[in-house]
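Engineer:
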Amino acid sequence: MTALSERPRRLRRTPALRRLVRETRLAPADLVLPLFVKEGLEQPAPIRSMPGVMQHSPTSFREAVTQAEQAGVGAVMLFGIPGERDAHGDAACSETSILAQAIGWARASSDLPVIADLCLDEFTSHGHCGVLDDRGAVDNDATLRVYARMAVVLANAGADILGLSGMMDGQVAAARAALDAQGLQDTALLAYSAKYASAFYGPFRDAVESALEGDRRTYQQDPGNRREAAREVRLDVAEGADVVMVKPALAYLDVVADTAATVDVPVAAYVVSGEYAMIEAAAAAGMIDRERAILEALTSVRRAGAQVIATYWATEVAALLNSGGGR
Ligand code: PBG
Numbered sequence: 003m004t005a006l007s008e009r010p011r012r013l014r015r016t017p018a019l020r021r022l023v024r025e026t027r028l029a030p031a032d033l034v035l036p037l038f039v040k041e042g043l044e045q046p047a048p049i050r051s052m053p054g055v056m057q058h059s060p061t062s063f064r065e066a067v068t069q070a071e072q073a074g075v076g077a078v079m080l081f082g083i084p085g086e087r088d089a090h091g092d093a094a095c096s097e098t099s100i101l102a103q104a105i106g107w108a109r110a111s112s113d114l115p116v117i118a119d120l121c122l123d124e125f126t127s128h129g130h131c132g133v134l135d136d137r138g139a140v141d142n143d144a145t146l147r148v149y150a151r152m153a154v155v156l157a158n159a160g161a162d163i164l165g166l167s168g169m170m171d172g173q174v175a176a177a178r179a180a181l182d183a184q185g186l187q188d189t190a191l192l193a194y195s196a197k198y199a200s201a202f203y204g205p206f207r208d209a210v211e212s213a214l215e216g217d218r219r220t221y222q223q224d225p226g227n228r229r230e231a232a233r234e235v236r237l238d239v240a241e242g243a244d245v246v247m248v249k250p251a252l253a254y255l256d257v258v259a260d261t262a263a264t265v266d267v268p269v270a271a272y273v274v275s276g277e278y279a280m281i282e283a284a285a286a287a288g289m290i291d292r293e294r295a296i297l298e299a300l301t302s303v304r305r306a307g308a309q310v311i312a313t314y315w316a317t318e319v320a321a322l323l324n325s326g327g328g329r
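Sequential numbering of the sequence shown, starting at 3, is according to the working numbering.
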């Protein structure tokens, strides 16, 4: 026997020992389930690039919310796909928009916190997250005025938390001021603070049938930037963000770790559509063990420091954890 002063393998010897010293655990309540609801659908429609994810009808949406709640998922996060789009995204501010209706359905069928996406891209004919100026550029300050109206509509519809995903400067302050002016001080704001212009959103654009041509690089962050994320996070917290989010998650774990180390509000991270699709595709091709890969990916996000994880696998993983899997 060699005289080694330390033998880390001692604590890896049995499953029970490994479980005892595991630093990071997933829990159902940490997981947020994003859901897509499409106006006018009578049956749920599969999304080609996101196997297992649906555009929901009212009925299948309610079922998905109930299943998430029964599995102990922490919250649902809603995206609406309207029947009609226009240049200004007018439907986003309608009290009868598909998103506002879905908030009401979720409210009525569960006690889960409801997070509503506050952004224009699902509602604009050009697919940008804001309104355009006369040269076709995204007009930051004009967009803030629309976000302010949309915030009040979504809060009045019953959303507990508004997810500000548009990456306009000043969007958190604009939403907060509009809500407070209407006595809606209890509606919380989840800021997509460090949101990168990412190729990993590709399948999401199928999911919401986005009409976007071009890209979002004038408002979403450049993938090469780490320090800039700290600035975005600092600004959002100063503007009143209740939760800050990093997105995508897996390709930006350094940013998740930096953020968790610097703020005292909860940190969320979004395992986005392309990250989901990569694992599903590799698993479907027999290249990786699907369940292990999913658990490992989600664990990495927790380990990096995110407390809350938005993931399309939320209900499945919550159920797995409840049944003693993943340990
Ligand atoms: C924009 C928005 C996007 C996603 C969430 N909110 C797309 C984008 O910024 O282009 C992507 C989520 C995902 O890919 O899973 N409202």
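Just so it is clear, CB atoms sit at the ideal spot from N, CA and C, and this is done for glycine as well.
As the structure is a computational prediction, the values presented were derived from the model and not from experiment.
Whose CB is closer than 5 Å to a heavy atom of ligand 1? List the residues in chain order.
Structural biologist: The set, ordered by position in the chain, is Cys121, Asp123, Ser167, Tyr203, Phe206, Val274, Ser275.
Engineer: Return the CA-CA distance between His190 and Met79, expressed in angstroms with no decimal places.
Structural biologist: Taking the sequence shown and counting its residues from 1, one reaches residue 190 at position 188. Taking the sequence shown and counting its residues from 1, one reaches residue 79 at position 77. A quick correction: the sequence has Ala, not His, at residue 190. In a straight line, the C-alpha of Ala190 is about 13 Å away from that of Met79.
Engineer: Pull up the DSSP beta-bridge partners for His58, would you.
Structural biologist: As a working mapping, residue 58 is identified with position 56 in the sequence shown. Per DSSP, Val39.
Engineer: Let's see if you can read the secondary structure: which residues bound the alpha helix (DSSP H) around Tyr149?
Structural biologist: Position 147 of the sequence shown, counted from the start, is the residue given in the question as residue 149. Run containing Tyr149: 142-159, per the alpha helix (DSSP H) assignment.
Engineer: Please work out which residues of its chain come closer than 8 Å, Cβ to Cβ, to Ala157, disregarding the five sequence neighbours upstream and downstream, and give them in chain order.
Structural biologist: Counting from one through the sequence shown, the residue named residue 157 turns up at place 155. Counting only Cβ-Cβ distances below 8 Å, and skipping sequence neighbours, we find Leu164, Leu181, Gln184, Leu186, Thr189.
Engineer: Would Ala73 and Asn324 be called neighbours here (beta carbons separated by less than 8 Å)?
Structural biologist: Locating residue 73 in the sequence shown gives position 71, counting from the first residue. Locating residue 324 in the sequence shown gives position 322, counting from the first residue. Cβ distance < 8 Å, so Ala73 and Asn324 count as in contact.
Engineer: Per DSSP, Val198 forms a beta bridge with which residues?
Structural biologist: Looking up residue 198 in the sequence shown gives position 196. Note on residue identity: the sequence assigns Tyr, not Val, to residue 198. Partner(s): Gln223.
Engineer: Give the secondary structure of Ala312 by DSSP, where H, G and I count as helix, E and B as strand, and everything else as coil.
Structural biologist: Along the sequence shown, read from residue 1 onward, the residue named residue 312 stands at position 310. Three-state result, Ala312: strand.
Engineer: Three-state secondary structure (DSSP) at Asp260?
Structural biologist: Within the sequence shown, residue 260 is the residue found at index 258, counting from 1. In the structure shown, Asp260 sits in a helix (DSSP, three-state: H, G or I).
Engineer: In three-state terms, what does DSSP make of Met79?
Structural biologist: If you number the sequence shown from 1, residue 79 lands on position 77. If DSSP states are grouped into helix, strand and coil, Met79 belongs with the strands.
Engineer: Would Pro84 be called buried (16 or more neighbouring beta carbons within 10 Å of its own) or exposed?
Structural biologist: Mapped onto the sequence shown, residue 84 falls at position 82. Pro84 should be labelled buried.
Engineer: Contact between the segment 236-246 and the segment 278-293: three or more CB pairs below 8 Å?
Structural biologist: These segments do not touch.
Engineer: On the three-state DSSP scale, how would you describe Met247?
Structural biologist: The residue labelled residue 247 in the question sits at position 245 within the sequence shown. In the structure shown, Met247 sits in a strand (DSSP, three-state: E or B).
Engineer: Three Cβ pairs or more, each shorter than 8 Å: is that satisfied between the segment 269-279 and the segment 217-224?
Structural biologist: No: the two stretches stay apart, fewer than three of their Cβ pairs being nearer than 8 Å.
Engineer: Check Asp88 in the structure and name its three-state DSSP category.
Structural biologist: In the sequence shown, the residue the question calls residue 88 occupies position 86. Looking at Asp88 - three-state DSSP - the assignment turns out to be strand.
Engineer: Tell me whether the beta-carbon of Gly76 lies closer than 8 Å to the beta-carbon of Val116.
Structural biologist: Locating residue 76 in the sequence shown gives position 74, counting from the first residue. Locating residue 116 in the sequence shown gives position 114, counting from the first residue. No, the pair does not count as a contact, with Cβ atoms beyond the cut-off.
Engineer: Going by beta-carbon coordinates alone, are Ala259 and Ala312 separated by less than 8 Å?
Structural biologist: The residue you call residue 259 lines up with position 257 of the sequence shown. The residue you call residue 312 lines up with position 310 of the sequence shown. No, they are not a contact pair.
Engineer: The alpha helix (DSSP H) with Ile278 in it runs from where to where?
Structural biologist: The residue given as residue 278 occupies position 276 in the sequence shown. Per the sequence shown, residue 278 should be read as Tyr rather than Ile. Looking at the DSSP string, the run of the alpha helix (DSSP H) that includes Tyr278 is 275-286.
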